[in-house]
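Comments concern the structure below.
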Amino acid sequence: MFYISKFSIVGSASFSLNTDREALLSFKSQISHTPQSLSFSWDQNTSPCNWTGVNCNTRNRRVASINLSGHGLSGSISPSIGNLSFLTSLQLQNNQLRGLVPKEITNLFRLRVLNLSSNSLEGSLPSNLSKLIELRVLDLTSNMITGLVPNQLGDLKNLTILNLGKNQLHGTIPPSLSNISSLTVLSLGTNSLSGPVPYELGRLQRLQVLDLTINNLSGKIPPSIYNMSSLESLVIASNNFWGQFPSNIGYTLPKLLVFNVCFNKFSGEIPSSLYNLTNIKVIRAAHNHLEGTIPSGLGNLPFLEIDQDLDSFIKSLSNSSKLNFLAFDGNLLEGVVPASIGNLSKNLSKLFMGGNRFTGEIPESIGHLTGLTLFNISDNSLTGEIPQEIGKLKGLQVLELARNQLTGRIPDSFGDLGALNEINLSHNKLEEYGLGEKPSQAGDVYSFGVMLLELLSGKSPMDESFEGDQNLISWISYGFQSNGVMEVIDPKLKGLIDVSGAQLLAKLDCLKKTIEVGLACTAYAAGERMNMRDVLRVLKEAMNILVKRN
27 MFYISKFSIV GSASFSLNTD REALLSFKSQ ISHTPQSLSF SWDQNTSPCN
77 WTGVNCNTRN RRVASINLSG HGLSGSISPS IGNLSFLTSL QLQNNQLRGL
127 VPKEITNLFR LRVLNLSSNS LEGSLPSNLS KLIELRVLDL TSNMITGLVP
177 NQLGDLKNLT ILNLGKNQLH GTIPPSLSNI SSLTVLSLGT NSLSGPVPYE
227 LGRLQRLQVL DLTINNLSGK IPPSIYNMSS LESLVIASNN FWGQFPSNIG
277 YTLPKLLVFN VCFNKFSGEI PSSLYNLTNI KVIRAAHNHL EGTIPSGLGN
327 LPFLEIDQDL DSFIKSLSNS SKLNFLAFDG NLLEGVVPAS IGNLSKNLSK
377 LFMGGNRFTG EIPESIGHLT GLTLFNISDN SLTGEIPQEI GKLKGLQVLE
427 LARNQLTGRI PDSFGDLGAL NEINLSHNKL EEYGLGEKPS QAGDVYSFGV
477 MLLELLSGKS PMDESFEGDQ NLISWISYGF QSNGVMEVID PKLKGLIDVS
527 GAQLLAKLDC LKKTIEVGLA CTAYAAGERM NMRDVLRVLK EAMNILVKRN
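Residues 27 to 576 (the numbering used here) make up the sequence shown, in order.
The structure is reproduced here in structure tokens:
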């Protein structure tokens with residue numbers, strides 16, 4: 027009797043391993059593109075424990091995990107995957123798998139990790155996912171999953187990471203998710219979810235990441251969310267949220283590193299308590315309805331916070347040495363940009379201040395922010411000259427100063443901006459254009475082009491004859507393309523080309539090439555501009571044509 031029982035156990039174990047083999051071979055048969063590593067190693071005559079991407083439990087020699095991440099798999103996931111009854115981890119992310127998430131996957135009651143992200147899976151989520159009671163990680167990010175977020179997910183009491191972002195889910199956020207007390211990451215961003223954020227989510231006291239960005243969610247953020255003391259990343263951008271931020275947010279969210287609330291309808295002011303967050307890295311509050319008033323005795327400084335001005339807010343952020351991204355563009359902020367802006371973190375790489383009501387001059391202290399790669403303060407009412415100190419920003423790649431009321435010369439120091447590949451100074455009142463000592467640099471190529479167009483047209487960059495938002499470049503570009511050379515050249519030059527035959531054609535050709543060079547030097551994107559070597563070559567060719575024909 028004992029012998030029979032022992033034989034049954036051995037026979038059962040052998041049968042189980044065969045079951046795993048058959049399940050995996052069935053899975054392989056549904057893959058239309060199989061990499062060589064699978065084709066060679068997934069051999070029915072060998073143990074699955076030796077196959078690429080497969081690991082077995084050392085105790086019972088059953089398949090315990092599958093990791094075929096980034097193997098270029100295409101095809102569908104076979105329902106046979108549900109026969110791998112000892113599987114604890116299934117990682118098939120970063121492939122080209124399509125079709126449904128098979129409902130049989132919910133038979134894997136030992137499963138702890140299910141990662142099918144970055145594929146092309148579609149259809150709704152299996153309704154009985156709650157059977158996966160041991161699941162710790164569920165990641166289906168970047169697929170084409172449709173339908174609702176299942177209420178039953180709230181039964182997965184051991185779940186720590188729930189990533190369903192970048193799909194096509196609709197409906198509301200189920201309050202039952204608040205039952206997953208172990209949850210540290212909840213990512214539902216980039217879907218079509220609607221309705222309010224459930225108040226119950228505030229119960230998730232271990233939550234570190236809450237990502238609801240790019241949905242159709244609306245209403246006020248529940249106060250309970252602002253009391254989640256473990257929260258490190260609050261990303262709720264691009265929804266229809268409204269209301270004001272609690273004044274004590276910097277104290278109730280002491281671990282916050284990322285605060286992204288842009289593209290909503292928040293009003294009021296950014297609370298002063300944010301300066302308590304010395305480790306914060308990203309603040310994005312752009313494109314809301316934030317505004318502020320100016321207290322007496324503080325000059326003309328704008329508000330970004332409760333009972334304080336922009337200067338105080340900037341000073342408070344100077345304690346945040348890890349801050350690398352700051353955006354409050356597209357609001358209703360007004361006043362002077364304070365010199366204290368130069369005290370921000372040297373790690374700050376992107377600073378967005380455009381689309382507000384700032385006045386006064388760009389402070390010289392901006393040159394202290396040597397880590398900047400992008401500076402955008404366009405669409406304000408700034409006056410005065412562009413500070414030479416901007417030339418100290420050696421890593422600057424994008425400079426946006428358009429649509430202000432800046433005057434004077436483009437600083438010679440722009441020639442030091444070797445990394446610059448995009449610059450926009452349009453729609454200002456810049457009357458003179460400086461020429462630096464490095465004509466190969468983007469700023470001076472632009473300046474050279476403007477000077478060339480001035481000489482040919484006889485007009486200043488902001489000539490009184492221009493209408494509306496026209497400037498020298500837009501006027502010449504339109505006139506030249508519509509009616510040719512004679513439409514845009516200085517009337518005094520017309521007398522010099524009043525000849526006939528070959529001389530006329532030669533002079534018109536020379537002027538045409540010169541105008542084209544001027545426009546190419548002043549292209550909107552700095553990366554599209556001619557370099558000075560090509561400028562000299564084309565101008566020399568134009569001169570040779572004129573000499574030969576004369």
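Glycine residues also receive a C-beta, built at the ideal position from the N, C-alpha and C atoms.
In this text the structure is predicted, and so the values were computed from the model without any measurement.
Distance between residue j and residue i (C-alpha atoms, nearest Å)
i      : j      : result
Thr278 : Asn253 : 5 angstroms
Arg310 : Glu480 : 41 angstroms
Thr409 : Leu395 : 21 angstroms
Gly276 : Asp405 : 30 angstroms
Gln423 : Tyr472 : 15 angstroms
Arg85  : Ser375 : 52 angstroms
Asn184 : Asn154 : 16 angstroms
Met170 : Gln194 : 6 angstroms
Met477 : His97  : 56 angstroms
Val561 : Ile199 : 59 angstroms
Gln496 : Lys533 : 28 angstroms
Glu554 : Gly505 : 21 angstroms
Glu567 : Ser503 : 22 angstroms
Gly441 : Gly475 : 14 angstroms
Arg87  : Val80  : 12 angstroms
Residue i versus the options, residue with shortest Cα-Cα distance
i      : options                           : result
Leu227 : Ser439, Thr210, Asn242 and Asn241 : Thr210
Thr45  : Gly276, Ser111 and Thr186         : Ser111
Glu295 : Leu283, Phe271, Lys307 and Asn302 : Phe271
Leu419 : Leu349, Pro437, Gly484 and Ser250 : Pro437
Ser218 : Pro201, Leu212, Gly197 and Lys307 : Gly197
6 angstroms CB neighbourhood of residue i in its chain, flanking five on each side removed
i      : result
Trp68  : Lys54 and Trp77
Phe289 : Ala263, Ser264 and His313
Arg229 : Ser204
Cys75  : Cys82
Trp501 : Phe492
Thr216 : Gly191, Lys192 and Ile240
Arg429 : Ser404, Asp405 and His453
Gln119 : Ser95, Asn141, Ser143 and Ser144
Ser207 : none
Local Cβ density within 10 Å of residue i, reported as buried at 16 or more and exposed below that
i      : result
Phe135 : exposed
Asn241 : buried
His453 : buried
Asn570 : exposed
Leu174 : exposed
Asn71  : exposed
Phe285 : buried
Leu188 : buried
Gln334 : Only weak support exists for where Gln334 lies, its pLDDT of 35 falling under 50; the value from the coordinates is given anyway. By the 10 Å Cβ count, Gln334 comes out buried.
Glu360 : buried
Asn509 : exposed
Phe384 : buried
Residue interval of the alpha helix (DSSP H) (run including residue i)
i      : result
Leu51  : Phe28 to Ser55
Leu274 : Sequence check: residue 274 is Asn here, not Leu. Looking at the DSSP string, Asn274 is not in any alpha helix (DSSP H), and its letter there is neither H nor E.
Ile436 : Element bounds for Ile436: not the alpha helix (DSSP H) but the beta strand (DSSP E), Thr433 to Ile436.
Gln194 : Segment Gln194 to Gly197 is the beta strand (DSSP E) holding Gln194; no alpha helix (DSSP H) there.
Leu64  : Gln62 to Ser67
8 angstroms Cβ shell around residue i - same chain, five flanking residues per side excluded
i      : result
Thr114 : Ala90, Ser91, Arg136, Leu137, Arg138, Val139 and Glu160
Asn133 : Gly108, Asn109, Ser111 and Lys157
Lys518 : Gly484
Start-to-end residues for the beta strand (DSSP E) that takes in residue i
i      : result
Ser259 : Ser259 to Val261
Ser102 : Ser100 to Ser102
Ile187 : Ile187 to Asn189
Gly505 : It is not in any beta strand (DSSP E) - Gly505 instead sits in the alpha helix (DSSP H) that spans Leu498 to Asn509.
Gln117 : Ser115 to Gln117
Phe292 : Lys291 to Gly294
Sequence-distant residues of the same chain with beta carbon closer than 7 angstroms to residue i, five excluded per side
i      : result
Pro248 : Val223, Tyr225 and Gly228
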